[in-house]
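Residue numbers (the working numbering), protein chains in the order written: chain R, 1 to 102; chain A, 103 to 268; chain G, 269 to 653.
Reviewing the structure listed below.
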Amino acid sequence: MGDVLPFHFQVVAALIFAIGALGVMLRRNMIVMFMSIELMLNAANLSLVAFSREIGNDQGQILAFIVMVVAAVEVAVGLAIIISLVRNRDTVNIEDTSQMKW
Amino acid sequence: MRTALFWIFSVMAVGSALGVVGSLRSPINSALSLVLSMLALAGLYVLLEAQFVGLIQVMVYAGAIVVLFLFVIMLLNLRGSGAGSAESRPIGKAAGAVVAVGAVLWLVRRLAASRAPWPEVDPTYGTTRAIGEALYTDYVLSVQVAGVLLLAGIIAAVVLAKKKID
Amino acid sequence: METSTVFVALFLFVLVLLVFSPIMTWVERKQSALMQNRIGANRAEVFGIKALGLIHPLADAIKMIMKEDMVPTGAHRFLHLVSPFIAVVPAIISFAVIPYGGTYQMWGANVSLCVADLDYGVLYVFAIGSIATYGSMLAGWAGNNNFGMLGSIRVSAQMISYEVALGITVVGLFMIFGTLRLTEIGVMQQETFRLFGFLEHLDLVSAGTAWLEWIRIPMWGIVLQPLPFFMFLTALMAENKRAPFDTPEGESEIVAGYFIEYSGMKFGLYMMGEWIEVVVISALLTAMFLGGWSLPWVSESGMISALTPSFGENMANLIAMVLAVHVFLIKVVALIWFQMLIRWSMPRFRYDQVMNLGWKILLPLSLANIVITAFGILIVQEVTR
């Protein structure tokens, strides 16, 4: 594959994962936080598929496929929760939905 | 050629990931950047000879999950609620960026020692037939469990998003 | 890339963009006129030549290009510009995997009449079809208009609902043919099977009876899976948002739905995308269910070897190639006619009827079809062992 080494893909996956983690921690919009979680899942998938190719068997791809299924379910349920939350609290800012004292 | 494609797709993936997190104007911009990122990752999968996973990435992630995100954004009519004053955290962003970049650099240093080449795989690697055979013979339990999980998710989503009938 | 692939791609490009899309407007006008007992549009003329109304597509194109391109205030300018292209491009690039013929050996070159003979050909069309959802969905949002957004919500819900039925209806066909490659499916449909051959295997008739050979049926997809053909056609028409499924652009309900802020050539692009999608639907159905590029009961390799003594191998292959393209296009045109027929005879479905059809009727039927097909394959394998 030219001079693209296996660890290049791991670096890309790590970068996307880091960006997603930063998004979850620093953004306050519920939907953008959820999208950052999806980014992290995608980065993990990329890492899995790259390692699967490096080893030479397809176990990583199958795990990536199952992770995609789980991510789809999580998005469906999570968005349903977000819809109910936004309808009830009338805000999309996650700090306004917190009922803690401090 | 593959090197060029790798760099194009990687830059697109990382750039649109930054677009998802850093787009302050509207969640729609974040969602569109997410689509771009998914498509770039699908391109990377196809580069890694994982055709089936790449196709499923486009069909499921870019074609259904982000559509669901956009649908919810439109349903709730979140026009400009991207950022408020609550979003500006300069110390948090700086610290986060430093930690993230440091972690990635450390990872690069650890992994760069091993310069192992790509192993040869036969042409049926990653094809639909190979994945299908493996899924339904060796990993059939995970397929069944994923099916039950999907059923539970469907029921949960329908119940949660229903309006209360009083 | 071989030169033959480039030529096939160019041929398809010219055929689709320059021939099919303007002709489709003419077909829509004239066919609806015939069905409704009127004449249709026939006033456009060039130097007094009216050409049965074929000048009208040109007049339409000129009119649309010269219209003012309005972008409403508060609209998302980039999305407003890009959405028509996101709607049209998936329809055009779906042609890449559709085979117009098999592979032919002509003058030392191996000409394959399929631009990209992908191993997962049909999955590519489904994946590209999923992307086409964005073109319509973002259009309504980009216009900053409440009616537009209502149309967007309707269209995204309708399209993703029918994507589910789309994928599952054809699983039975893939189980029988055992491949996703459209060229292989086209080749497999050239075989024939004896209609009453099972009598021989059940020992009700002695082996080698002659009259069994007379009743042979080609193994077309529609013969093996009749109900999925209509389910697939329904799901594809619902994806196309035409025919009775055009609630998103419901002209009498929500004032043109998600098209509402588009004028001029951008609107023309949406219409063009819909018509090209009609051709894609016809081509896909032909390739998978109606035998592709082959005439029934005529095996292509047999025809080539029969023609070779008199014409030479190159000419025999050329004749077979021209015949294949003609047969394919005739079938595609027949299906286009059928889709136009449905569009102009059925009233628009209500939105809840559309959702009902997608989830409560098509999905259980397609799942039942998978189970029945699996049983059928097992029975046939047992009987013919």
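Yeah, the Cβ is synthetic: ideal placement off N, Cα and C, and Gly gets one too.
Note that the coordinates shown come from a computational prediction; the quantities given were computed from them, not determined experimentally.
Taking residue 379 (chain G) as part of the beta strand (DSSP E), name the residues at either end of that continuous run. 377-380
Measure from the C-beta of residue 443 (chain G) to each C-beta in chain A and report whether the shortest distance is under 8 Å. no
Tell me whether the beta-carbon of residue 513 (chain G) lies closer than 8 Å to the beta-carbon of residue 505 (chain G). Cβ atoms of residue 513 (chain G) and residue 505 (chain G): closer than 8 Å.
By the criterion of Cβ-Cβ separation under 8 Å, what are the contact partners of residue 417 (chain G) in chain A? 176 and 179
Where do the N-terminal and C-terminal ends of the alpha helix (DSSP H) with residue 610 (chain G) fall, by residue? First-last of the alpha helix (DSSP H) with residue 610 (chain G): 581-613.
Inter-residue spacing [alpha-carbon to alpha-carbon] between residue 542 (chain G) and residue 88 (chain R): 40 Å
Between which two residues does the beta strand (DSSP E) carrying residue 460 (chain G) extend? 460-462
Which residue marks the beginning of the beta strand (DSSP E) containing residue 373 (chain G), and which one marks its end? 371-374
Find the residues of chain G that neighbour residue 171 (chain A), judging by a C-beta separation of less than 7 Å, and give them in chain order. Result: empty, since nearest Cβ-Cβ is about 11 Å, beyond 7 Å.
So, does the CB of residue 238 (chain A) fall closer than 8 Å to a CB anywhere in chain R? no
Taking only beta-carbon atoms, is residue 395 (chain G) less than 8 Å away from chain A? So yes, residue 395 (chain G) belongs to the interface.
Based on the DSSP output, what are the partners of residue 93 (chain R) in its beta bridges? R:29
Going by DSSP in three states, residue 484 (chain G) sits in which element: helix, strand or coil? strand
Presumed contact (8 Å Cβ cut-off) between residue 212 (chain A) and residue 4 (chain R), rounded CB distance: Not really, about 18 Å apart at Cβ, beyond 8 Å.
So the candidates are G:445, G:404 and G:530; which of them puts its Cα closest to the Cα of residue 332 (chain G)? G:530
Is the separation between the beta-carbon of residue 171 (chain A) and that of residue 388 (chain G) shorter than 8 Å? Result no, Cβ atoms of residue 171 (chain A) and residue 388 (chain G) do not sit closer than 8 Å.
With 16 other Cβ atoms within 10 Å as the buried cut-off, status of residue 238 (chain A): Exposed is the call here.
To the nearest angstrom, how far is it from the Cα of residue 594 (chain G) to the Cα of residue 367 (chain G)? 13 Å
Indicate whether at least one CB of chain A lies closer than 8 Å to the CB of residue 641 (chain G). no
Using the Cα positions of residue 38 (chain R) and residue 374 (chain G), report the straight-line distance between them to the nearest angstrom. 51 Å
Given a cut-off of 8 Å, decide if residue 441 (chain G) and residue 556 (chain G) are closer than it, judged by their beta-carbon atoms. yes
Looking at C-beta atoms only, is the number of pairs between the stretch 156-170 of chain A and the stretch 397-406 of chain G that lie closer than 8 Å three or more? They touch, by the three-pair rule.
Give the straight-line distance between the Cα atoms of residue 434 (chain G) and residue 536 (chain G), rounded to the nearest whole angstrom. 27 Å
Contact list for residue 3 (chain R) against chain A, beta-carbon separation under 7 Å: Ordered by position in chain A, the residues that pass the 7 Å Cβ test against residue 3 (chain R) are 105.
Can you list, in chain order, the residues of its chain whose CB lies under 7 Å from that of residue 445 (chain G), leaving out five sequence neighbours each side? Leaving aside the five residues that flank residue 445 (chain G) on each side, the residues in its chain whose CB is nearer than 7 Å to its CB run, in chain order, 453 and 456.
Can you tell me whether residue 148 (chain A) is helix, strand or coil according to DSSP? helix
Please work out which residues of its chain come closer than 6 Å, Cβ to Cβ, to residue 509 (chain G), disregarding the five sequence neighbours upstream and downstream, and give them in chain order. 516
Starting from residue 153 (chain A), find everything on chain G with Cβ-Cβ shorter than 8 Å and list it in chain order. What residue 153 (chain A) touches in chain G: 387 and 388.
Note down, in chain order, every chain A residue with its Cβ under 7 Å from the Cβ of residue 99 (chain R). Correct list: empty, because the minimum Cβ distance to chain A is about 17 Å.
Where the stretch 526-559 of chain G meets chain A: residues whose CB sits under 9 Å from a CB there: none
Cβ separation of residue 206 (chain A) and residue 14 (chain R), assumed to be a contact under 8 Å, to the nearest whole Å: 5 Å
List, in chain order, every chain G residue whose beta-carbon is nearer than 7 Å to that of residue 161 (chain A). 394, 395 and 398
Ignore the nearest five residues each way along the sequence and tell me which others in residue 17 (chain R)'s own chain have a CB closer than 6 Å to its CB. Excluding residues within five positions, the ones whose Cβ falls inside 6 Å are 40 and 43.
List the endpoints of the continuous alpha helix (DSSP H) containing residue 401 (chain G). 389-410
Using the rule of at least 16 other Cβ atoms within 10 Å of the residue's Cβ for burial, across every protein chain shown, is residue 306 (chain G) buried or exposed? exposed
When the Cα atoms are used, what is the spatial distance from residue 84 (chain R) to residue 262 (chain A)? 7 Å
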